[in-house]
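S.K.: If you scroll down you'll find the structure; I have some questions about it.
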């Protein structure tokens, strides 16, 4: 078998390598760099000390890896090759200075895209990434491919490159942080939607949007975009006009090729919902793909997730495969996840909802239910005013907590259509949210955790928040 890591071995041979941030992706990366036998000098730069980082850091120290720690650890980076963690901006002063001295900046995800021989499918967007990524993996696996699913979904894949083959599929969820500086692009790509997000990290909305668009590059052959979202529609049209890539536009609000693509463009298709079924068309021939009634996930947003995944896999899988997956797939943890039913009340975990648009989608999926909503968390500097109409329309009691509690309340009180419903309750602790929600829930209704905010005010990530919510709910008597 060809040693796929040879280019990486040569890149770092006898070089000083800096690993910025020893996180989920960079820990296996550091292990891989050590295993290549390249005589590279590896230094981990992390604001946490090796003692705080735990046993994995201790093992690296024992193997000769150096550590630079502390608040200012990224100010002076002495390296020939820099591997950036997604959470560290690529333009911080320490990185810029090192590049000015001749250092090369890369990342685990960029090296993966460079080295894997597998067909690459990648999904980005503000909402729906994980469900869509999971669906693509399931479609391709059901069609008989060996599939590797990872990226921002939580599983780094670079160290698996050497076992990947050309007939395998590498399916990636990619965040704006990962895409900020990625020279190599996947072959089949999708942008689910774009709405303002992560504005505590990105300079502005334009930078965030441009990072998402960076998923498309020279080697991209297919792009799937949301025709109901103006930024992605405009971007898709721009790419389609160049004519060198296939562009598939999806829409849950329009029901024909002509309505979605209003100009004559070569190499384009539209995928849409009509009469409760999903169709795809090139403008001449319409093909039935899936009946929406077969989809077990609630909400229009999940139909859109299916459209995105089906478009990415179009011609790679047949309609029987689509149907078999739809009938079996019940969703991903923390995404409209049923926790339990107690005293006739359903408790639902959607801890992944870290923005107003995600919470709006969750409430739409549960339209008609009596909802007690738990909301609030870490402030990503987002505008909560678009959430207010949906709160008034769908929620009876709103339990607020965390850093954004007052911000969400203010957006609701300032909304002209607010007339006292939903009732607003503040909880001092996350534990209190569950107690207060239970007190205010009614039989036949539901308690929904959909925070519209990130988790970092109290938790390491949304998964920890969701699992703690489930623990609290399961302990109720």
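Residue numbers (the working numbering): 1 to 477.
Using N, Cα and C, we set each Cβ at its ideal position, and we do this for glycine too.
Please read all numbers here as calculations on a predicted model, not as lab measurements.
In the DSSP assignment, what residue or residues form a beta bridge with residue 150?
M.R.: Answer is 172, bridged to residue 150.
S.K.: Per DSSP, which one or two residues make a beta bridge with residue 47?
M.R.: None; residue 47 has no bridge partner.
S.K.: Are there three or more Cβ pairs, one per stretch, closer than 8 Å when the stretch 275 to 288 is compared with the stretch 227 to 244?
M.R.: These segments do not touch.
S.K.: Is the stretch 360 to 375 close to the stretch 207 to 222, with three or more CB pairs under 8 Å?
M.R.: The stretch 360 to 375, when compared against the stretch 207 to 222, does not touch it at the 8 Å Cβ threshold.
S.K.: Hey, would you say residue 453 sits closer than 8 Å to residue 378, going by beta carbons?
M.R.: Against a cut-off of 8 Å, the Cβ pair of residue 378 and residue 453 comes out as a contact.
S.K.: Please report the straight-line C-alpha distance between residue 219 and residue 166, rounded to a whole angstrom.
M.R.: If I take the Cα positions, the gap works out to 16 Å.
S.K.: Using only the alpha-carbon positions, how far apart do residue 47 and residue 91 sit?
M.R.: So the alpha carbons of these two residues sit roughly 17 Å apart.
S.K.: Determine the burial state of residue 145: buried for a count of at least 16 other Cβ atoms within 10 Å of its Cβ, exposed for fewer.
M.R.: Answer is buried; the Cβ neighbour count reaches 16.
S.K.: Starting from the Cα of residue 142, find the closest Cα among 94, 321 and 181 and give me that residue.
M.R.: Considering only alpha carbons, the answer is 321.
S.K.: For a quick check, are the C-beta atoms of residue 190 and residue 30 less than 8 Å apart?
M.R.: No, they are not a contact pair.
S.K.: Can you tell me whether residue 340 is helix, strand or coil according to DSSP?
M.R.: Correct three-state label for residue 340: strand.
S.K.: So, does the stretch 401 to 412 touch the stretch 438 to 455, judging by three or more C-beta pairs under 8 Å?
M.R.: These segments touch.
S.K.: Using the C-alpha atoms, what's the distance from residue 349 back to residue 362?
M.R.: Cα to Cα, the separation comes out at about 10 Å.
S.K.: Would you kindly report the start and end of the unbroken beta strand (DSSP E) that includes residue 120?
M.R.: Residue 120 -> beta strand (DSSP E) spans 119 to 124.
S.K.: Could you check if residue 246 is buried or exposed, using at least 16 other CB atoms within 10 Å of its CB as the buried criterion?
M.R.: With 16 or more Cβ atoms within 10 Å of its Cβ, residue 246 is classed as buried.
S.K.: Considering only their Cβ atoms, is the gap separating residue 267 from residue 132 smaller than 8 Å?
M.R.: It is not a contact, given that the beta carbons lie outside the stated cut-off.
S.K.: Please state if the CB of residue 33 and the CB of residue 56 are separated by a distance shorter than 8 Å.
M.R.: Cβ distance not < 8 Å, so residue 56 and residue 33 don't count as in contact.
S.K.: Who are the Cβ neighbours of residue 257 in its own chain at under 6 Å, not counting the five residues just before and after it?
M.R.: Here the set comprises 270, 281 and 283.
S.K.: Would residue 148 and residue 312 qualify as a contact pair, given that the criterion is a beta-carbon distance under 8 Å?
M.R.: No, these two residues do not count as a Cβ contact at 8 Å.
S.K.: Can you check which of these residues, 429, 383 and 433, is closest to residue 412 by C-alpha distance?
M.R.: Closest by alpha carbon: 383.
S.K.: Taking contact to mean at least 3 C-beta pairs separated by less than 8 Å, is the stretch 173 to 190 in contact with the stretch 106 to 121?
M.R.: Taking 8 Å as the limit for Cβ pairs, the verdict is that the stretch 106 to 121 does touch the stretch 173 to 190.
S.K.: With respect to the beta strand (DSSP E) encompassing residue 226, which residues constitute its N-terminal and C-terminal limits?
M.R.: 222 to 226 is the extent of the beta strand (DSSP E) around residue 226.
S.K.: Could you work out which residue in 66, 99 and 159 is closest to residue 112 when comparing CA atoms only?
M.R.: When each option's Cα is compared against that of residue 112, the closest is 159.
S.K.: Quick check on this structure: which residue in 153, 98 and 108 has the alpha carbon closest to the alpha carbon of residue 123?
M.R.: Considering only alpha carbons, the answer is 153.
S.K.: For residue 115, name the three-state secondary structure that DSSP assigns.
M.R.: Residue state, collapsed to three classes: helix.
S.K.: What's the C-alpha gap between residue 455 and residue 332?
M.R.: If I take the Cα positions, the gap works out to 18 Å.
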